[in-house]
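Structure first, then comments.
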Amino acid sequence: MLTPLQSRQWDLQKAAHLLNRAGFGGTPDEIKAFCMLGFDRAVQSVLDGPDDSAQFPKPAWAVPRNQVEMRQTMMLMTDADRKAMQQDLQKQYRQNDMDLINWWLGRMRYSPNPYREKMTLFWHGHFATSVMKVHESYLMWMQNETLRQHAFGNFGLMVKAISRDPAMLIWLDTRESRKDHPNENFARELMELFTLGIGNYTEADVQEAARAFTGYRLDPVDESFRYAPMQHDTGEKHFLGESGSFSGDDVIDIILRQPSCSRFIARKLWEYYAYQDPSPALVNALAWNFQMSGYEIRPLMNAILRSAEFYSPDAVRTQIKSPVQWVIETSKVLETAMDRPQVTVNALRQLGQLPFAPPNVKGWDGGRSWITTSTLLFRYNMANFAVGNGPLRMEQFRRVANNNPNPNPNRNTFDAQNFEGPNLARIIPQQVRGDPRRLIAYLCFRLFQDPLTPRDTQTFIKYVSDHGTDDETLRELLHLMMSTPQYQLT
Amino acid sequence: MSDSDHIIEPHTSTLHTRREFLRTSMLGAAVSFTLPVFLQKTFFTLDAMAADSAVQTITGKDGPILIVLQLAGGNDGMNTVIPYADDAYYRARPIIGIKKETVIKLNDYAGLNPGLAGLKGLYDEGHLSILQGVGYPNPNRSHFRSTEIWQTASDSDKVETDGWLGRYFDSCCKGAEPTVGVAIGNEVPQSFASSEPTSVSFSRPEQYRWMNGDRTGASEQVYREMNTPDPTDMRMLDANDGGSIGSLSGPPISSRHGETNLEFLQRTALDAEASSDKVLAIARKYPASVTYPHSPLGDSLSLVGRMIAGGLATRVYYVSQGGYDTHVNQVATHARLMTELNDALVAFAQDMKTQGNLGRVMLMTFSEFGRRVTQNASNGTDHGAAAPMFIMGGGIKPGLFGRYPSLTALNAGDLAYNVDFRSVYATILDRWLRAPSKQVLGRQFPLLSLV
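Line order of the protein sequences matches chains S and D.
Going letter by letter, the first sequence gives residues 700 to 1189 in the working numbering.
Going letter by letter, the second sequence gives residues 143 to 593 in the working numbering.
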């Protein structure tokens, strides 16, 4: 069983840790305010954050494509007009994809409830669906809203919602699954990646489950889920040791009764928030309560975020920032605006985590796979851009694929964009600039929320002592502090 | 590797190799017990090297080089090496089949895609071999699972983490420069994954370096210091007993490699720092010796050619060409891919000849699977199984190897393999890289007469 953290153990470092992991970090003032809430209220604010929907309304383009109407319109056109229209649409769609990504990144950055966004990002990586196959920003946006709605809710309801989700119906071919030709794609990933994990079901279970998900269709007019009873296989299925004329929802209910399901999800959440390779005892303790609660996510997260293990040395500042975490957290700690969408999107692509475009249905491997010699140097150079040192020279994007069967060569180059960087007067107050020691301690807290080793501290103190505290030096100092292995951790 | 092999003048404050770094650190023997785990390991490895006959010295100036070219997405093998004399081919592919008169004949049964004329030239010169019907038992038709099987050389019902080349690095390249494995791009392929990870990735040498906003050069010094492990890192010590071996209790959260995430980052940072100096120096000094086609693959192979010319200490390069997942209207797409492949390979072969290095290189293509025999309803092809591989180089035995799989005796609608891809790996390991394939692949696969 997990040990709850005692309220009196709550301090600035733990507040920073909770803010980093449950959200995307914060400024020194935000960390202090969060700490002042006290342990109980801080955790409470993560679990019951405000609804930010009014602040982030549905984008204008997020409307269904009426396929029937579009086909009719195009049929009446000349070939040349049709081609021109298709080209216009393609251009529009590409722009929508960009808007979609930036709409979400903006929500992560500016939402008063970043905790729900962080959790939504988890579920996006879990039910990994890519716009590269779905091709419709609207459907991706809608799936994102579904994940957000269930983010802290009930896992079983979320799986059922996802099984009917239009983007998922396209992504894993469920919409093409017919009674006489059941498609196994969704059924397989449902068990392998979404609920049970490999080894906890048989090939026969995949085939039987596939039959249960036949007849799931997309409405051609409003692109919503439609159930086509004539295409559904109503026959008896034998699934995970049970028999009956199961529907898709029945199959999900049977899956949820398997202890391996609660363990699979509890472990994955722990690894996302705390650390890799938790002990089996820890996973079992979490999973037991998760299953007993009927798969309620909020109490599970409550147990995780209140546990002493979550604040242990195994967890604090041991996690490699995902590219999204790096970008959002950097924008927060430097108090810079996220207003260079092209740079951000291209950087995330290079760093290996473009939201709405995971490499495959497994999602992002995460952890150490984020870091190669080239992505590490790219992070350092992205930091150079973020502090306002100059343009980021983007290479033509080319994905050398491992686990990426559909590399999409996007050979757009674009003009390097300049960025003014942080307001130094604001993020490095005058009163800390006088004493190099104090300046470095202050910046360590802002960037790492933790002191560096004596050698590293000394290195930076010497740099400031030698070069002063003019704006140019301070920018380079920030860049140097971010060009470190330490800054890649959170 | 001796100091004379350094290809650029060492920066005064730069530790160019891990070994140099170790030598420097060892001057203060008292601090050696605080070395991060990866350095300790390297240290022990160096001692063990002399005793271990499998360990190879990689200088970049001599010795064999392997280039692995992944055709990502599942290349349509039947439209690459075409069984033009078989009516069953045209029956299965009435629309997308390559017309008999355009096929470049290899023998009276099979021939090459019309886009591969340059490869036929290499074949005739004796620098290309073509393996037919390569695959593995119980084929998996998932892109990522089948890619994983090819990358790890596992049986299709076993999941392994380390890659086949990573295990070669582990067995034979201990203590080598991190550039022993180079992936062109931002990702490191799973085939490089190893228990003591070593390898670098980059795609544009001029950007594979640390950029800064400092005009004085002073920050470069700080950057190098911060990206070289701190041998006096106090967190490794137990403050209460006067600096005894803190790692006895283990660092927090050790991975399966006994390395914390911070140590992993420090190691990668050191690899990035040391390799970027070398890569940049070579890139500045060695332009491509021939003109490469303007395609992503052309760019990648051009870069590989320059690194070989400059003698980067590398045993394996990894490049990739994507876009082979041709489910819909594949004819034009596949023709373009074949032409890009052909042009890039021909340029690379020419580059190697010009450099005088053709005899040192072997390039191997692979794809996670071939495609279905029968075209689908969208004039494309779905995921299949066995497919051909190309092996190119100056030191190979040329020819057409294996039998073309039967187009009628199918395995669940797919071509049945007759050469296990691990036999190809085993041959390359044993005969080309001079590595014990049985040790690397876990068992002995039959060798082919490729080399």
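Beta carbons are placed, not taken as given, at the ideal position from N, Cα and C, and that holds for glycine.
Note that the structure is a prediction, hence the values are computed from the model and not measured.
| Query | Result |
| --- | --- |
| Short Cβ contact (8 Å threshold) for M506(D) with M531(D) | yes |
| Interface flag, Q408(D) vs chain S, CB-CB below 8 Å | yes |
| Rounded separation between W262(D) and H823(S) - CA only | According to the sequence shown, residue 262(D) is Lys rather than Trp. Approximately 47 Å between the Cα atoms of the pair. |
| Per-residue contacts from E319(D) into chain S (C-beta, under 8 Å) | Those within 8 Å of E319(D) in chain S number zero; the least Cβ separation is about 12 Å. |
| Within-8 Å CB hit, R962(S) to chain D | no |
| Buried/exposed call for T1071(S), threshold 16 Cβ in 10 Å | buried |
| Stretch pair the region 1034-1050 of chain S + the region 258-275 of chain D: three plus CB contacts closer than 8 Å | no |
| According to DSSP, residues forming a beta bridge with S941(S) | The residue asked about is misnamed: residue 941(S) is Glu in this sequence, not Ser. F938(S), per the DSSP bridge assignment. |
| Partner residues on chain S for S361(D), Cβ-Cβ distance less than 8 Å | Y1162, E1175, H1178 and L1179 |
| Listed by chain order, chain S residues near V330(D) by CB distance under 7 Å | T1071 |
| Secondary structure of F851(S), DSSP reduced to three states | coil |
| Range of the contiguous beta strand (DSSP E) that encloses Q274(D) | L270 to G277 |
| DSSP-derived helix/strand/coil call for P530(D) | strand |
| R1125(S) classed as buried or exposed, judged by whether at least 16 other C-beta atoms fall within 10 angstroms | exposed |
| Within 9 Å of chain D by C-beta, residues of the region 776-788 of chain S in sequence order | none |
| Among L258(D), A230(D) and S345(D), the one whose alpha carbon lies nearest that of L1050(S) | S345(D) |
| Chain D contact for L868(S) (CB, 8 Å cutoff) | no |
| is_contact[T402(D), chain S] using C-beta, thresh 8 Å | yes |
| Contacting positions in the region 340-357 of chain D - beta carbon closer than 9 Å to chain S | S341, V342, S343, F344, S345, R346, E348, Q349, Y350, R351, W352, M353, N354, G355, D356 and R357 |
| Beta-carbon gap between R962(S) and A986(S) smaller than 8 Å | yes |
| Pairwise C-alpha distance: K967(S) and P393(D) | At P393(D), the pLDDT of 37 sits below 50, so the modelled position is not reliable and the matter cannot be decided from this model. |
| Within chain S, the residues that N369(D) reaches when beta carbons sit closer than 8 Å | S1182, T1183 and P1184 |
| Alpha carbon of G855(S) to alpha carbon of S923(S), nearest angstrom | 21 Å |
| Short CB-CB distance (under 8 Å) between Q1187(S) and chain D | yes |
| Bridge partner(s) assigned by DSSP for L439(D) | None; L439(D) has no bridge partner. |
| Proximal residues to Q1052(S) (C-beta, below 6 Å), its chain only, five neighbours per side dropped | S1021, P1022, V1023 and W1063 |
| Neighbourhood of F563(D) by C-beta distance below 8 Å, restricted to the same chain and skipping five residues each side | V276, G277, Y278, W292, A295, F508 and M531 |
| Opposing strand residues paired with V461(D) [DSSP bridges] | L211(D) |
| Min CB distance N682(S) to chain D below 8 Å | Because chain S in this structure spans residues 700 to 1189, residue 682(S) falls outside the shown range and cannot be described. |
| Same chain, Cβ closer than 7 Å to Y1141(S), neighbours up to 5 away in sequence not counted | V1131 |
| Beta carbon proximity, K936(S) to chain D, threshold 8 Å | no |
| R877(S) at chain D interface by Cβ criterion, 8 Å | no |
| As assigned by DSSP and simplified to three states, the class of V561(D) | strand |
| Unbroken beta strand (DSSP E) run spanning T507(D), endpoints | V503 to F508 |
| Below-8 Å beta-carbon distance, G384(D) vs any chain S residue | Any reading at G384(D) needs caution, since the residue's pLDDT is 32, under 50, leaving its predicted position unreliable; the model's value is listed next. Cβ-Cβ to chain S under 8 Å: no for G384(D). |
| Rounded straight-line distance, which links the Cα of I800(S) to that of M655(S) | Only positions 700 to 1189 of chain S appear in this structure, which leaves residue 655(S) out of reach. |
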